[in-house]
Amino acid sequence: MFSNLKEQPADKILALMQLFKDDPRPQKIDLGVGVYKNAEGLTPVMRAVKTAEKQLWEAQDSKSYVGLAGDPAFADAMIDLVLGDAVARENVAAAATPGGTGAVRQAFEMIRMANPDARVFVSNPTWPNHVSILKFMGMPMAEYRYFDSATRGVDFDGMIEDLKQTKAGDVVLLHGCCHNPTGANLNLVQWQIVVDTLLKTGAIPMIDIAYQGFGDGLEEDAAGTRLVASSMPECLIAASCSKNFGVYRERTGILMAVAQDKGLRGLTQGTLNFLNRQNYSFPPDHGARVVTMILQSPELRADWAAELEEVRLSMLGLREQLAGELQRLSGSDRFAFIADHRGMFSRLGTTPEMVDKLRAEHAIYMVGDSRLNIAGLNKNSVPILAKAIIDCGI
Ligand code: PLP
Ligand code: TYF
1 MFSNLKEQPA
11 DKILALMQLF
21 KDDPRPQKID
31 LGVGVYKNAE
41 GLTPVMRAVK
51 TAEKQLWEAQ
61 DSKSYVGLAG
71 DPAFADAMID
81 LVLGDAVARE
91 NVAAAATPGG
101 TGAVRQAFEM
111 IRMANPDARV
121 FVSNPTWPNH
131 VSILKFMGMP
141 MAEYRYFDSA
151 TRGVDFDGMI
161 EDLKQTKAGD
171 VVLLHGCCHN
181 PTGANLNLVQ
191 WQIVVDTLLK
201 TGAIPMIDIA
211 YQGFGDGLEE
221 DAAGTRLVAS
231 SMPECLIAAS
241 CSKNFGVYRE
251 RTGILMAVAQ
261 DKGLRGLTQG
271 TLNFLNRQNY
281 SFPPDHGARV
291 VTMILQSPEL
301 RADWAAELEE
311 VRLSMLGLRE
321 QLAGELQRLS
331 GSDRFAFIAD
341 HRGMFSRLGT
351 TPEMVDKLRA
361 EHAIYMVGDS
371 RLNIAGLNKN
381 SVPILAKAII
391 DCGI
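Numbering (UniProt numbering), first residue to last: 1 to 394.
Right under this line is the structure:
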């Protein structure tokens, strides 16, 4: 049986992680995988997470099963974090999932159950796992224009033109904030135009929000998602806690199904529970419980928000430093987009050959599409990167 299996394509981002590990050059710089790293290059456990885990270890007296959708308190806390008061709680069904990836997968499963012919429109480019999972599931997929390779901003006219081609029954996958891999994002006026467009075509939005708090702030980063949830008849939201709580390996995420028609909630909640049961029964609990404790405790929440803000500002500082350094070395503003982008990533917009050259000649690792993880830098490595970019003739 096993000999019937075919080799599957590797995840390019994860393959790059291994390549970096195997590189003996001491000066190597890892700007590949999207993991936050501090100035020392470490991905620390956040203070509030440590405190909550300690409290949990002392207080938890059972690890028995919780429920197919996870702890309802986790859903309450995350709905509040992501949606604020944009919609009433009774408009939202939700289920905990193994990470944001689990939420994305379950969302696709739910879409397919509701409408096997649904086409899922993804941004060009998008997080490669979106495309990989859709292909694996055999779901119809289409792309909408997103990145303008000339300005390194959003090709908004192209995006809207393409979204006008959607139909009722289609789904449009949007990044809630901090677009991966480009770093280019919609402003609120543009979000409103997207909403108006989809209201006209009847397509349903699905939002993947994996970096709330990494862009302009916790509330600001959720504004587009909240606008969508309050304006559209239905939407799906896949939220990840991996980055903003730093609980990557705990696999903590949630899928929300929002409907203006409260009468649909029983059906959507039942479907989410069913889908969890089909795929893994009960979702992981530890990370979700820690997140819930943090969001419920005013002290832990304040400490978490303060540390998240430090993380956000450190990435913004690195963006400004890099854009400034490149302006100085190039004598032009052509790298100003790096300071305008938000989140962990920026797409430089150079060729795979140049990405290879940076790796071969300068031991600088970025993803082949020229995505760089800003958090992989520190004050000392920014000038090294800037010089390498100019030396390579980018
Ligand atoms: N969606 C996007 C756009 C991401 O970049 C990530 C990255 O980590 C995820 C979802 C899901 O992450 P995780 O499954 O680790 O929570
Ligand atoms: O895009 C990234 O780098 C992160 C981490 O299969 C990641 O989202 C990368 C690949 C993957 C899962 C997560």
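Each residue gets a CB set at the ideal place from its N, CA and C atoms; glycine is no exception.
The beta carbon of ILE133 sits closer than 7 angstroms to those of VAL104, ARG105, PHE108, all from its chain and outside the five residues before and after it, given in chain order.
Note on PRO298: under 16 other CB atoms within 10 angstroms of its CB, so exposed under the neighbour-count rule. Distance between THR268 and ASN91, taken at the CA atoms: about 10 angstroms. With fewer than three CB-CB distances shorter than 8 angstroms, the segment 43–50 does not count as touching the segment 265–285.
Listed as beta-bridge partners of THR166 by DSSP are no residues whatsoever.
Under the three-state reduction of DSSP, PHE2 is assigned to helix. With 6 angstroms as the limit, the residues whose C-beta approaches a heavy atom of the ligand TYF more closely than that are ASP11, ILE13, LEU14, VAL33, GLY34, TRP127, ASN129, ASN180, in chain order.
For LEU16 against TYR365, the beta-carbon gap comes to about 6 angstroms, under 8 angstroms, which counts as contact. In the three-state DSSP reduction, ARG251 falls in the coil class, being neither helix nor strand. For the options GLY270, PHE337, ALA360, the alpha carbon positioned closest to that of MET113 is the one of GLY270. Nearest neighbour of ASP196 by Cα position, chosen from LYS164, GLY215, GLN55, ARG226, turns out to be LYS164. Look at THR97 here: in three-state DSSP terms it is strand. By the C-beta density criterion, TRP57 is exposed, having fewer than 16 other C-beta atoms within 10 angstroms. Three or more beta-carbon pairs drawn from the segment 141–153 and the segment 332–349 are found closer than 8 angstroms, and the two stretches are therefore classed as touching. Between the segment 377–387 and the segment 345–353 there are fewer than three C-beta pairs closer than 8 angstroms, too few to call the two in contact. Under a 10 Å Cβ-count criterion, LEU313 is classified as exposed, with fewer than 16 other Cβ atoms of the shown protein chains found around its own Cβ. Here the alpha carbons of GLY169 and SER231 stand approximately 17 angstroms from one another. Taking C-beta atoms as the reference points, PRO98 and ARG251 count as a pair closer than 7 angstroms. With at least 16 other beta carbons inside 10 angstroms of its own, THR225 counts as buried.
Counting only the Cα atoms, GLY213 lies some 12 angstroms from LEU316. In this structure, ALA210 has its beta carbon less than 6 angstroms from a heavy atom of the ligand PLP. By a beta-carbon distance limit of 8 angstroms, ALA305 does not contact LEU186. Their separation comes to about 24 angstroms. For ILE237, the enclosing beta strand (DSSP E) covers residues 234–240.
Residue environment for GLY70: buried (at least 16 other C-beta atoms within 10 angstroms of its C-beta). Secondary structure of VAL33 (DSSP, three-state): coil. For PRO284, no beta strand (DSSP E) encloses it, and the DSSP letter there is neither H nor E. With contacts defined by Cβ atoms closer than 7 angstroms, ALA96 and ILE294 do not form a contacting pair.
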